[in-house]
Amino acid sequence: MFVVIRKESILKLNVNQWIFAAAISAALSGCAYDAHKSPSLPQGVSLIETATASENQVSIPYKKYQLANGLTVILHQDKSDPLVHVDVTYHVGSARELAGRSGFAHLFEHMMFQGSQHVGDEQHFKVVTEAGGTLNGSTNTDRTNYFETVPSNQLEKMLWLESDRMGFFLPALTSEKFEVQRETVKNERAQRIDNRPYGRLNERFNQAFYPAGHPYSWPVIGWPDDLNRATVDDVKHFFQRWYGPNNATLTIGGDFNEMHTLAWVNKYFGEIPAGPAVKPEAKTMVTLDKTRYISMEDKVHLPLIYIGFPTVYVQHKDEAPLDLLANILGGGKTSLIYKNLVKDGYAVQAAVSHPCQELTCQLSLYAVANPAKGGSLAELEIKINQTIAEFEQRGVTDDDLQKVKVQFEASTIFGMQSVAGKVSTLASNQTFFGKPDMVASDLARYANVTQADVMRVFNTYIKNKPMVVMSVVPEGQTQLIAHADNFEPSTLPIAQDAVTGLTDITLAKSSFDRNKMPSSAAAPLLTVPQLWDSQLANGINVMGTESDETPTVELLIYLDGGHRLAPINKAGLAELTASMLNESSAQRSSEALAGALDLLGSSISFGASNSQSYIKVSSLTENLDATLAIVKERLFSPGFVAADFERLKQQQLQGLQHQMSDANYLARSGFSKLLYGADSPMGISSDGTITSISALTLADVKQFYQQQYRAGNAQMVVVSDLNQQQIMPKLSMFNEWQGEATQVAALPALPTHHKNTIYLIDKPGAAQSVIDIGQVSLPYDTTGDYFKAYLMNYPLGGAFNSRINLNLREDKGYTYGARTQFSGAEDSGQFIANASVRSDVTGLALAEFVNEINAYQASGMTDEESAFMRSSIAQSQALEYETPYQKAGFLRMIQRYQLDRNFTAQQDEIVKTISTDELNKLASKLLDINTMVMLVVGDKSIVEPQLKALGYQIEMVTLVD
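According to my numbering, the sequence shown is numbered sequentially starting from 278.
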């Protein structure tokens, strides 16, 4: 998929997407309500309700408490892994902002990582990372959340961090911090919106969809002028208005002692005073007086049409039938939109969804036009309207209802695989609905939808109703728009105050010394997955492990070869062949196979990467046999239908054309070509090129299938609640698979490069420049120099608080993020330093990269950085084997690289004992900037003078075949 339509929402209500989010909501039955204080609880803590696990029902057990200051606390015990996930959700997002004052909620999210009264600047990232954890925050229209996943012995420390920024943020707020974060947000906007194809679609669409002044009519990230208008006092008032404990939910899940945790929560959060009262916003239905047409020219190759109908709001009684309607219209290969637009070649991509937010929902349709069919969006609009009319005649079938019910139940189970997923859903449900117990009611909502319900909501919200139709066309091609614009958004006066509703604020006072960071108990003992090793009758290796947390199976079949197995002039053939195996078999059409999988709640995906092709299978255990039968059908008797081939080939070609408008794609492709050369498969994208894909034939696909999809190339990894004795007989259907291994050619010699040269790819009008610096380096290993290089690189650019990221992002405000890393495979590897930076500071940013790399090569890491690296990496292993897919990745590493079973213990020993001096010698050896390739993708007219001023020669690069 090469077009991403982003919508800020609580839940993504395309049924396939929505069910994944809603599926992991809390248990419904078994609740015992107790609103009085329990004598065993800390003073000021009240137990509100308990939800216990129910037999024969998927659920998330939890207990809900409330502190005297109004903070809601939800605890979920999951002792399957030695980790905890902490989430603090504030019921405030961009919808609480005022006209002309957009972007505050998101800007404030950034400010909350800049230290507080008792936590130093940049210490949030340092403390959590050093503890072996991960952290982040996110903002949407209706809420802002902050979250950490850490080893279980670090829980108290996380509560100390979160409480300090909730209660003691303002004393640490400075103008300097504010200005840096304002620049960081501008960089984020440039990277995610202004420099991305179709990036401004949503914000332009929302101006037409919502009335002026509606809380969703401005972008979450804010309008640039509004960000420039913000002041430090505005930030202060925003915090005082919305960040009180009475507007927050603290949710903790994982392996912890409940009474200890409640005592810590009360200690750190209990003395924070409540903030001003917060009332829910009114849910007013959005209406349109007529169909509104808007259009936009963009730096894209493919025209796109986006249509939206206003509907209801989240948890409205009509939400579920509208979700089913969206699924029938455009929810995959069995949908009407796919049949009429994609299958017939008028669109290279199309879908329908029903995204919902706290205040409103919309039924959204989009289609990316195929220029080979003319690219007219007016024609696509006609076909979309014809498809809607076809639905009215077709109606709703029993299979439609059954398919969604099965998908919902399957996704509910798959959604239980991570603590973070369960915690975030508990927090979301509590924040918006006041009750974490939503699973049973949601299951019932969808199970009870009738055919009449779907037709009723179609007639109520869609049939002959006004809509917003947006056209996005390549620059200079306005003749492709669906209809002339008939709407201009109006603007409201800028609000005099950025924040309203402030009352007298009581400052937090601490009864203990918060400057002292809590100590941690000993790191939890980590048990790596216990694996088993077996073979099928034909010699295929199968490696597996048992995981009994959910009744699911993850099966991955890997085949050595992939992109590297195809000749250079047929680059992209591995991916195209895999795409063909996702289509028709000799027995059934693509649509019939997709429908069969939908009714099983299973997924099967063929794909290809640089060095391997693969088959990914996810299934409920009870449906494994039927799912494997479809794998067998697709693998052993592919249809290789000519019409499928022509459609997929055209999609791949148009996708390549589209990616040429993406600066990051240009950088990735250009950098690989420079490092490895145009005659190496490592130097050409696995997507192929316009020339190579254009020349491919169906005969090429059939020949590559015979070379690649052989038993001799295959290995399998399986993670399931079934043990080895139970799973191996089910895999015996692959015993008939035959064929010897196919040899992959060695890589050719590497090209040479000019010294003191910066390679430049011109992207006129680019809002940012992409900088890549690096060289071919070490192949993969687990205990040699490659692994040690990973340790060495960590303080340079391998963590958020690394030298390079703190310099370019936090100190200079040049970028949204900068990093360095080593990556490797069996016979090749590379080092790369990378960032997307503001166009006007491209030269300065590149100079900082060079200075940091030179300084690190010369002097290496400090003892303090060495200690930080050791602590972070040693403790982070507690997070590495939680989900079945993570376990599968661990097994695959052992299988692919033939590793010792105890390689993680060997790595632990290296982390503990390797000297800082040895790592610094490795830095001196591997980080010679004079041997590295430098590539910049940006607007030549802006960046070339900056780069020449640094004293480099400039050599232009093009990706044209």
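Note that beta-carbon positions come from the ideal geometry of N, C-alpha and C, so glycine has one too.
Item	Value
Helix, strand or coil: which one does DSSP assign to Tyr1091?	coil
Provide the residue(s) that pair with Ser797 in DSSP beta bridges, ordered along the chain.	Ser797 is not bridged to any residue.
Quick one: what's got a C-beta closer than 6 Å to Phe390's C-beta in the same chain, skipping five residues either side?	His401
In the DSSP assignment, the alpha helix (DSSP H) including Tyr1174 goes from what residue to what residue?	1161-1174
Ala885 bridges to which residues according to DSSP?	Ser890
To the nearest angstrom, how far is the alpha carbon of Leu602 from that of Gln670?	14 Å
So, is Ile659 buried or exposed, given that buried needs 16 or more other C-beta atoms within 10 angstroms?	exposed
If you run the structure through DSSP and keep just helix, strand and coil, what is Phe917?	coil
For Cys308, which residues from the same chain have a beta carbon less than 7 Å from its beta carbon, with the 5 sequence-adjacent residues on both sides left out?	Caution is warranted here: a pLDDT of 35 is assigned to Cys308, below 50, making its placement in the model unreliable, and the coordinate value is therefore given only provisionally. Glu326, Thr327, Ala328, Asp714, listed in sequence order.
So the beta strand (DSSP E) Asp810 belongs to, where does it begin and stop?	808-812
So, using beta-carbon positions, are Pro598 and Asp502 closer together than 7 Å?	no
Let me confirm a value: Thr349 is counted as buried when at least 16 other C-beta atoms fall within 10 Å, else exposed. Which label applies?	buried
Please report how far the alpha carbon of Ala1043 lies from the alpha carbon of Asn887, in whole angstroms.	29 Å
Alpha carbons only, please: which of Ala408, Trp500, Glu386, Gln1098 is nearest the one belonging to Thr768?	Trp500
Near Lys610, which residues of its chain fall below 7 Å by C-beta distance, leaving aside the five closest residues on each side in sequence?	Ser867, Glu868, Ala871
Whose C-alpha, out of Ser641, Phe385, Asn706, is nearest the C-alpha of His514?	Phe385
With DSSP collapsed to three states, give me the class of Leu657.	helix
When the Cα atoms are used, what is the spatial distance from Asn417 to Val497?	6 Å
Let me confirm a value: Arg1178 is counted as buried when at least 16 other C-beta atoms fall within 10 Å, else exposed. Which label applies?	exposed
Under 7 Å, do Pro580 and Ala646 count as touching if we go by C-beta distance?	yes
If you compare alpha carbons, which of Ile529, Asp419, Phe455, Thr1060 is closest to Lys556?	Asp419
Bridge partners of Ile1050, per DSSP?	Ala1110, Met1211
Go ahead and pull the three-state DSSP assignment for Gln391.	coil
Check whether the Cβ atoms of Val734 and Asp595 sit closer than 7 Å, and answer yes or no.	yes
Runs of 3 residues minimum, wholly inside the region 404-468: which ones carry the beta strand (DSSP E) assignment?	411-416, 421-428
Pick out the complete alpha helix (DSSP H) segments inside the region 716-795, 4 residues or longer, and give them in chain order.	716-724, 728-734
Using DSSP bridges, identify the partner residues of Arg1115.	Gln1045
On a Cα-Cα basis, can you pick out the residue from Asp781, Val830, Tyr1162 that is closest to Ser879?	Val830
Am I right that Val746 and Tyr953 are in contact with their C-beta atoms under 8 Å? What's the rounded C-beta distance?	Not really, about 45 Å apart at Cβ, beyond 8 Å.
Please tell me whether Glu635 and Val591 are closer than 7 Å, where the distance is taken between their beta carbons.	yes
With a cut-off of 8 Å, do at least 3 Cβ pairs link the region 1194-1210 to the region 1048-1062?	yes
By Cβ distance below 7 Å, which residues in the same chain neighbour Leu447 in space, the five residues on each side in sequence not counted?	Lys513, Phe516
Comparing alpha-carbon positions, which option in Thr538, Ser336, Asn1084, Leu1227 lies nearest Leu720?	Ser336
State the DSSP-derived secondary structure class of Tyr623, mapped to helix, strand or coil.	coil
What would DSSP say about Leu973, mapped onto helix, strand or coil?	coil
Helix, strand or coil for Ile817? Go by DSSP, reduced to three states.	coil
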